[in-house]
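Q: To start, I am sharing the structure in question, which I have written as C-alpha cells.
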Amino acid sequence: MSSPTPTRPELLQKLRDAVAGGFPVAVADLSKLVRIPSVSWAAFDPKHVADSADAVAALVTGLGVFETVQIARAPIGSDPIGSDPIGSDPIGSDPIGSDTDAPLGQPAVLATRAARNGRPSILLYAHHDVQPPGDDADWDSLPFEPTVRGDRLYGRGAADDKAGVMAHVAAIRAFIETVGDDFDLGLAVFIEGEEEFGSRSFSNFLTAHHSALAADVIVVADSNNWDITTPALTVGLRGNVTFRLTVSTLGHASHSGMYGGAVPDAMLAAIALLATLHHADGSVAVEGLTSHQADTPDYAEQQLRDETGLLAGVSLIGSGSILSRIWSKPAITVTGIDAPTVSNASNTLTPSVSVKISARVAPGQLGTEAFAALETHLRANTPFGAHIDIDDVDTGNGFLVDTSGWAVAEAKTSMTDAWGAEAVEMGVGGSIPFIADLVELFPHAQILVTGVEDPDSRAHSPNESLHLGVFQRAILTEAVLLARLNERR
Ligand SMILES: [Zn+2]
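For the sequence shown, position 128 (counting from the first letter as 1) is numbered 159 according to the numbering used here, and the numbering increases by one without interruption.
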C-alpha cells in the first residue's frame, strides 16, 4: 500500500473555514430534523417517518449537485434482514416485484450523481429514523425538543443518526463551497428510514437500486469514536448466532424421590452439556469457532468493571487483551431457560428443558459456519445419550475491513487532518446486520464505518446527545475525504 499524499494545506484550510462557517446552520438543520419524531417501529405513526424523509430530501435537493433525488420504498422481503435462516438464499429467493402485495418498508432518500473523468465514486449512508424515546420523565429535556447544554446537543436522534445525515449534508456543502459544483467525484447519498426497526426492506432496496448505489467507497456514518478527541474507524464487527436447544431425557415427568439417582433428568443433562461450551477460565471451548488476530488499544480492567457493574471479587473471563475478547473472539451466552420456575418446583424429574443460546462470532467467520461448529459440538458432547433438538436458528455475519485498502488510508488521513489526532481502528462487539448485506451486494466496494457518536452519546437511551466538537470534526473529516477522492485518479 502506498501511503496517501498529504492534503494540500491551502485546501485543508479552505475546507476548515467552510465547515466552521457553515456549522451554525448545520446545527440548526440538525435541530429541525430532531424535532420530527421519526420512530420507525410498527406501533408509531409512519407519517413522522415520511415527514422526516421529506425534510431530508429537501436538504439533499438543496445541495443542488445531484442528477436525481428520490424518496423510495422497497418491499419487505420474506427474509428479515440479519436473520437469514440456515440454508436459504437471502437474496435470490424473493425477486423484487414477485409479490405485489408485499408490505413496503419505510421511505429512504436516494440521491445520485455519476463520476466523471475516471474519478472514484462514493456513497454516503446514514439513517433518518430513530428509536422510541421511552418515558419523557427519564429525559432532562424533552426528547424531540433539541436542547444544547454545555457542549452537547440533546434529543432523540441528535446523535443516532440524524447527526450522521447532517454530517453528510454539511460536508457536501463545505466541499462544494471549496471546489465548486462542477466536480468529477461520483457522489450518492442513501438515507435509510428503518434502520432502528431491523432494516426490513434494506436488502430489497439495495437490489432494486443496485446500479444507483454501486460505489468504490461506501461511508456508513452510524458508529462511534474512541473519545471526544480521538476519531475511530470501525474495522470489525462480530457476527451472531442464536438458536433454541431442547434437551430431553424422559418420556414424562416422574417423582424424583422414586427414580432420582437412576435416570437422568433433562436439567442435569442440559447443565452438563452447557458446561462443555466453556473452559474453566470462561473462554469458549467449541472447536471450529475462530478468533481474529488484531492489535487493540489499551483499556483498563477497572473501566470494564465500572461499566458492567462487575461485583467485587468476580474475575474476568477469557484471555488476551480485554478488547480482543470483546471485539475479536467468540462468546457464548445462555440467555434464557424454559424449565419449571422455582415457585412451581416440585420433586420431579424434568423430562425436557429448552435453552436459548446467543453466540457472538469473531469477525472473519461466517455466521453459518459458526452455527455448524456449535451444532457439531453440542451433538458430540451430549451426555447420557440425551435427545437434543435445535431450532429457531438465526445467523448474522460479522464484518472485517481489509485495512490495507486505499480508502481506509484516505479516511485515516482525513481523520488526522480534521481531528489533529490519529484514528483508532476499533472493533465493536455487537453487530450492525445491514453491513453484512452491503458487503454481500457490493463485494467490491470498500466500506468505511465512521460515526458522530462518542462514549457519552447514549444512543437508544434517555438523554441521547451529540458532542458538538465531535460533530464539527466529523463534518470536516468527510469534507476532506470528499475533496481528496475528487482529486484521486
Ligand atoms: Zn444508528
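All residues carry an ideal CB built from backbone N, CA and C; glycine is no exception.
Per DSSP, which residues does Thr143 bridge with? Please list them.
A: Note: Thr143 sits in a beta bridge opposite Thr99, Ala219.
Q: Tell me whether Asp522 counts as near ligand 1, meaning its Cβ is closer than 8 Å to at least one heavy atom of that ligand.
A: What the structure shows of the chain is the stretch from 32 to 520, and residue 522 is not part of that stretch, so it cannot be assessed.
Q: Please classify Ala393: does DSSP put it in a helix, a strand, or coil?
A: Coil.
Q: Enumerated in chain order, which unbroken segments of the beta strand (DSSP E) with a length of 3 residues or greater are wholly contained in the stretch 349 to 397?
A: Runs found: 362 to 369, 383 to 392.
Q: How would you call Gln503, buried or exposed, if buried means at least 16 neighbouring beta carbons within 10 angstroms?
A: Its Cβ being crowded by 16 or more others within 10 Å, Gln503 is buried.
Q: What's the C-alpha gap between Gly211 and Asn517?
A: Each residue's alpha carbon lies about 12 Å from the other.
Q: Taking 9 Å as the threshold (C-beta atoms), are Ile222 and Leu354 in contact?
A: Taking 9 Å as the Cβ cut-off, Leu354 and Ile222 do not qualify as a contacting pair.
Q: What is the DSSP secondary structure of Leu479, reduced to helix, strand or coil?
A: DSSP places Leu479 in strand when its eight states are reduced to three.
Q: I need the straight-line Cα distance from Gly149 to Leu216, nearest angstrom please.
A: Cα to Cα, Gly149 sits roughly 9 Å from Leu216.
Q: From Leu64 to Ala57, what distance separates their C-alpha atoms?
A: Whole-angstrom Cα-Cα distance: 11 Å.
Q: So, with DSSP's three-state summary, where would you put Ile259?
A: Three-state result, Ile259: coil.
Q: State yes or no: is the C-beta of Asp423 nearer than 8 Å to some heavy atom of ligand 1?
A: Asp423 Cβ: outside cutoff for every heavy atom of ligand 1.
Q: State buried or exposed for Asn378, treating a residue as buried only when at least 16 other CB atoms are found within 10 Å of its CB.
A: The residue in question, Asn378, is exposed, as its Cβ has fewer than 16 Cβ neighbours within 10 Å.
Q: The alpha helix (DSSP H) with Phe214 in it runs from where to where?
A: Looking at the DSSP string, Phe214 is not in any alpha helix (DSSP H), and its letter there is neither H nor E.
Q: Anyone know if the C-beta pair for Ser279 and Ala297 falls short of 9 Å?
A: Contact: yes.
Q: Could you pull out every residue in the same chain whose Cβ sits closer than 6 Å to the Cβ of Asp422, ignoring the five residues on either side in sequence?
A: Around Asp422: Arg275.
Q: Could you check if Thr2 is buried or exposed, using at least 16 other CB atoms within 10 Å of its CB as the buried criterion?
A: Shown here, the chain extends from 32 to 520; a query on residue 2 therefore has no answer.
Q: At a threshold of 8 Å, does His158 count as lining ligand 1 (C-beta to nearest heavy atom)?
A: Within the cutoff, so yes.
Q: For Asp420, list the residues DSSP reports as bridge partners.
A: According to DSSP, which records beta bridges pairwise, Asp420 is partnered with Thr277.
Q: By alpha-carbon positions, which one of Leu299, Asp167, Gly186 ends up nearest to Phe175?
A: The option with the nearest alpha carbon to Phe175 is Gly186.
Q: Looking at Thr508 and Pro262, is the spacing between their C-beta atoms short of 9 Å?
A: For Pro262 and Thr508, yes; Cβs fall inside 9 Å.
Q: Take the Cβ of Val365 as the centre, count every other Cβ of all protein chains shown within 10 Å, and call the residue buried at 16 or more, exposed below.
A: Val365 should be labelled exposed.
Q: Expressed to the nearest angstrom, what Euclidean distance is found between the alpha-carbon atoms of Ser346 and His309?
A: Cα to Cα, Ser346 sits roughly 15 Å from His309.
Q: Between the C-alpha atoms of Asp76 and Arg66, what's the straight-line distance to the nearest angstrom?
A: Rounded to whole angstroms, Asp76 to Arg66 spans 15 Å at the Cα level.
Q: Would the C-beta of Glu495 count as close to ligand 1, meaning under 8 Å from any of its heavy atoms?
A: It does not: the Cβ of Glu495 is nowhere closer than 8 Å to a heavy atom of ligand 1.
Q: Considering only the alpha carbon of each residue, which of Met446, Leu479, Leu472 lies closest to Gly458?
A: For Gly458, the nearest C-alpha among the options comes from Leu479.
Q: Take the Cβ of Ser350 as the centre, count every other Cβ of all protein chains shown within 10 Å, and call the residue buried at 16 or more, exposed below.
A: Under this definition Ser350 is an exposed residue.
Q: Relative to the alpha-carbon of Ala403, which residue among Phe236, Arg47, Thr273, Gly461 has its alpha-carbon at the smallest distance?
A: Checked all of Phe236, Arg47, Thr273, Gly461; the closest Cα to Ala403 is Thr273.
Q: Distance, Cα to Cα, Ser254 vs His158?
A: Those two C-alpha atoms are separated by around 12 Å.
Q: Using the Cβ count rule (16 or more neighbours within 10 Å means buried), how would you classify Thr407?
A: Looking at its Cβ environment, which holds fewer than 16 other Cβ atoms inside 10 Å, Thr407 is exposed.
Q: Short of 7 Å in beta carbon distance, which residues of its chain neighbour Glu456, apart from the five on each side in sequence? Order them along the chain.
A: Excluding positions up to five away in sequence, the list reads Leu264, Val266, Thr434.
Q: Can you pull the DSSP bridge partners for Glu208?
A: Partner(s): none; Glu208 has no beta bridge.
Q: Thinking just about the alpha-carbon of each residue, which of Leu380, His475, Glu41, Ser34 is nearest to the one in Tyr290?
A: Closest by alpha carbon: Leu380.
Q: With DSSP run on the structure shown, which of helix, strand or coil describes Glu227?
A: Three-state result, Glu227: helix.
Q: My understanding is that Gly436 touches Gln477, with C-beta atoms under 8 Å, so please give their C-beta distance in whole angstroms.
A: Contact flag correct, Cβ pair sits at about 5 Å.
Q: Mind checking which residues open and close the alpha helix (DSSP H) that includes Arg180?
A: Taken as a continuous stretch (DSSP letters only), Arg180 belongs to no alpha helix (DSSP H), being part of the beta strand (DSSP E) at 178 to 180.
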